[in-house]
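Undergrad: Input: one structure, supplied below.
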Amino acid sequence: MNRIIKKAFLGISVICGLASAASVKSPFVTVPWNGYSGAASFTFDDGFYQAEPLSQILEDMPEVKVTFFLTNMGMNLLDYFGPTYAELAKQGHEIGNHTNNHFDLTSIAESSLKSEIIDFAGELEQIMGSYGAEVSVTSHALPYSQNSDIVSSVIDDRHFINRSAGGPGKHDWNVEPNWSNMDSKVWYTTPNAEEDFLNSIDASAMAPSWLILLNHGIADLGEGYITQDLMKEFIQRAVKNNMWVAPFSTVGAYYRAHFTLDTAKAVADGNNLTVTWEMPHKNMPKSIPLKVVINETFVRENFGNNASIYIEQDGKRIYPDEDGIFILEFTSLKATIYGSSKTPDTKPYMVRSDLRTQDDPFSEKHNVHPPGCKGKTPW
Numbered sequence: 153m154n155r156i157i158k159k160a161f162l163g164i165s166v167i168c169g170l171a172s173a174a175s176v177k178s179p180f181v182t183v184p185w186n187g188y189s190g191a192a193s194f195t196f197d198d199g200f201y202q203a204e205p206l207s208q209i210l211e212d213m214p215e216v217k218v219t220f221f222l223t224n225m226g227m228n229l230l231d232y233f234g235p236t237y238a239e240l241a242k243q244g245h246e247i248g249n250h251t252n253n254h255f256d257l258t259s260i261a262e263s264s265l266k267s268e269i270i271d272f273a274g275e276l277e278q279i280m281g282s283y284g285a286e287v288s289v290t291s292h293a294l295p296y297s298q299n300s301d302i303v304s305s306v307i308d309d310r311h312f313i314n315r316s317a318g319g320p321g322k323h324d325w326n327v328e329p330n331w332s333n334m335d336s337k338v339w340y341t342t343p344n345a346e347e348d349f350l351n352s353i354d355a356s357a358m359a360p361s362w363l364i365l366l367n368h369g370i371a372d373l374g375e376g377y378i379t380q381d382l383m384k385e386f387i388q389r390a391v392k393n394n395m396w397v398a399p400f401s402t403v404g405a406y407y408r409a410h411f412t413l414d415t416a417k418a419v420a421d422g423n424n425l426t427v428t429w430e431m432p433h434k435n436m437p438k439s440i441p442l443k444v445v446i447n448e449t450f451v452r453e454n455f456g457n458n459a460s461i462y463i464e465q466d467g468k469r470i471y472p473d474e475d476g477i478f479i480l481e482f483t484s485l486k487a488t489i490y491g492s493s494k495t496p497d498t499k500p501y502m503v504r505s506d507l508r509t510q511d512d513p514f515s516e517k518h519n520v521h522p523p524g525c526k527g528k529t530p531w
């Protein structure tokens, strides 16, 4: 985790005279990839040869959750697959939209896109609900990875994130992607495919970055299908690398939220400071927990050198863990920072020292003063 957070605190805007300012930039910095060494999302398209073999693979890895992009394929497949995938949804796996008929969306009339995409998202939720699984469909995957501005517009009206395919599938923390065309790495059986996938998993953990992987089924059929042993090897490799192995929408929402929170405006009012923000898209997961730290210099300048602080959201107090990390609920759209009353049990707010580098704003070595801020710590 140390290396991950070290790389997060770059490029934060300079803040001067914060205590006297009516409006300042956010003091929050989101911990990349939920504190893991990058993230990996295993996504599965179409629904064939997936549920049973994957359940066997994950028996010893209950913390691993994946995404299933489902389609009717023009054959009402959900009448057959519905109960199975509803059960997987109850276990925490994601159900995503892969369109009703699996057409090339760029080849059909614009008037048909709504029924293929938007209406089918509602149908997925209804079918899952009929089998006892409360599902919110917030992500989409393109059939054949075919996209256009019109297609993206219709998808974006109902989903906050859309998966395509064909490239390396790697996404870096501080580079905001095209949410309507998120690349993924596709499995196809070739002599070097195993080594290539393992190298991609290792490289994403080292970066650290988010790797999105696409599989069409787990079976010994070659071509676009992967064997059960290889699938297990890939998931285990990601877990061993301490990657956040989570559904496409879960990682995507955390990733997208950080671009909003880390630039959100804050308003100072006496001894507290309130940060507010807006949802970057109307259809995101109902809950988006974010791990954040607060700039220590900001704390010292606004609350004193030995301040113990807490955050309040929706009437609840949130205290930092031993590393100085708070867990905020992004969908609350507001957080207020308070100085805590001094008691024998309170401690000054500190971010763990080994999470700092010379380049990050928490470092005591980082002491460059911009024009107009002479003698003040620029962070």
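Letter by letter, the sequence shown follows residues 153 to 531 in the numbering used here.
The C-beta atom is built at its ideal place from N, Cα and C for all residues, glycine as well.
1) Could you give the distance in angstroms between the alpha-carbon of Val327 and the alpha-carbon of Val427?
2) My output table needs one value for Trp396: the three-state DSSP class, helix, strand or coil.
3) Can you tell me whether Ile302 is buried or exposed, with buried defined as 16 or more other CB within 10 angstroms of its CB?
4) Enumerate in chain order the residues of its own chain whose CB-to-CB distance from Met502 is below 7 Å, with the five nearest sequence positions on each side excluded.
5) Helix, strand or coil for Val303? Go by DSSP, reduced to three states.
6) Assuming Leu480 contacts Leu442 under a Cβ cut-off of 8 Å, what Cβ separation, rounded to an integer in Å, is found between them?
7) Give a yes or no on whether the C-beta atoms belonging to Leu363 and Gly244 are separated by under 8 Å.
8) Apply the 10 Å Cβ neighbour rule to Lys337 and answer buried if 16 or more other Cβ atoms are within range, or exposed otherwise.
9) Suppose you measure from the CA of Leu373 to the CA of Ile470; what does that come to, to the nearest Å?
10) Look up Leu365 in the DSSP assignment and give the residues it is bridged to.
11) Give the straight-line distance between the Cα atoms of Thr483 and Ser439, rounded to the nearest whole angstrom.
12) Relative to the ligand GDP, is the shortest distance from any of its heavy atoms to the C-beta of Met225 smaller than 7 Å?
13) Buried or exposed, going by whether 16 or more other CB atoms sit within 10 Å of the CB of Glu541?
14) Exposed or buried, what is Gln202 when buried is set at 16 or more other beta-carbons lying within 10 Å of its beta-carbon?
15) Please work out which residues of its chain come closer than 6 Å, Cβ to Cβ, to Thr341, disregarding the five sequence neighbours upstream and downstream, and give them in chain order.
16) Thinking just about the alpha-carbon of each residue, which of Asn330, Leu257 and Leu366 is nearest to the one in Ala345?
17) Closest to Asn454 by CA distance: which of Ile489, Leu230 and Gly284 is it?
18) For a test of the three-state rule: what should DSSP assign to Glu246, helix, strand or coil?
TA: Taking the geometry as given:
1) Translated into positions along the sequence shown, residue 327 becomes position 175. Translated into positions along the sequence shown, residue 427 becomes position 275. One C-alpha to the other measures close to 23 Å.
2) Your numbering for residue 396 matches position 244 in the sequence shown. In the structure shown, Trp396 sits in a strand (DSSP, three-state: E or B).
3) Taking the first residue of the sequence shown as position 1, residue 302 is located at position 150. Label assigned to Ile302: exposed.
4) Taking the sequence shown and counting its residues from 1, one reaches residue 502 at position 350. Here the set comprises Glu448 and Gly476.
5) To locate residue 303, count along the sequence shown from 1; it is residue 151. It is helical.
6) Looking up residue 480 in the sequence shown gives position 328. Looking up residue 442 in the sequence shown gives position 290. With 8 Å as the limit, Leu480 and Leu442 qualify as a contact, their Cβ atoms being about 5 Å apart.
7) Taking the first residue of the sequence shown as position 1, residue 363 is located at position 211. Taking the first residue of the sequence shown as position 1, residue 244 is located at position 92. Contact flag unset, no.
8) As a first step, residue 337 must be located in the sequence shown, where it is residue number 185. The residue is buried, with at least 16 neighbouring Cβ atoms inside 10 Å.
9) Indexing the sequence shown from 1 puts residue 373 at position 221. Indexing the sequence shown from 1 puts residue 470 at position 318. C-alpha separation (whole angstroms): 51 Å.
10) Indexing the sequence shown from 1 puts residue 365 at position 213. Looking at the DSSP assignment, Leu365 forms a beta bridge with Phe194 and Lys337.
11) As a first step, residue 483 must be located in the sequence shown, where it is residue number 331. As a first step, residue 439 must be located in the sequence shown, where it is residue number 287. Computed Cα separation, rounded: 6 Å.
12) Judged by which ligands are present, the structure shown has none, so any question about the ligand GDP falls away.
13) Residue 541 lies beyond the stretch modelled for the chain, which goes from 153 to 531, so this question has no answer here.
14) Numbered from 1 along the sequence shown, position 50 holds the residue referred to as residue 202. Answer is buried; the Cβ neighbour count reaches 16.
15) Taking the first residue of the sequence shown as position 1, residue 341 is located at position 189. Closer than 6 Å at Cβ, skipping near neighbours: Gly374 and Glu375.
16) In the sequence shown, the residue the question calls residue 345 occupies position 193. Checking every option, the nearest Cα to that of Ala345 belongs to Leu366.
17) Stepping through the sequence shown from its first residue, residue 454 is reached at position 302. Minimum Cα distance to Asn454 is reached at Ile489.
18) On the sequence shown, residue 246 is found 94 positions in, with the first residue counted as 1. If DSSP states are grouped into helix, strand and coil, Glu246 belongs with the strands.
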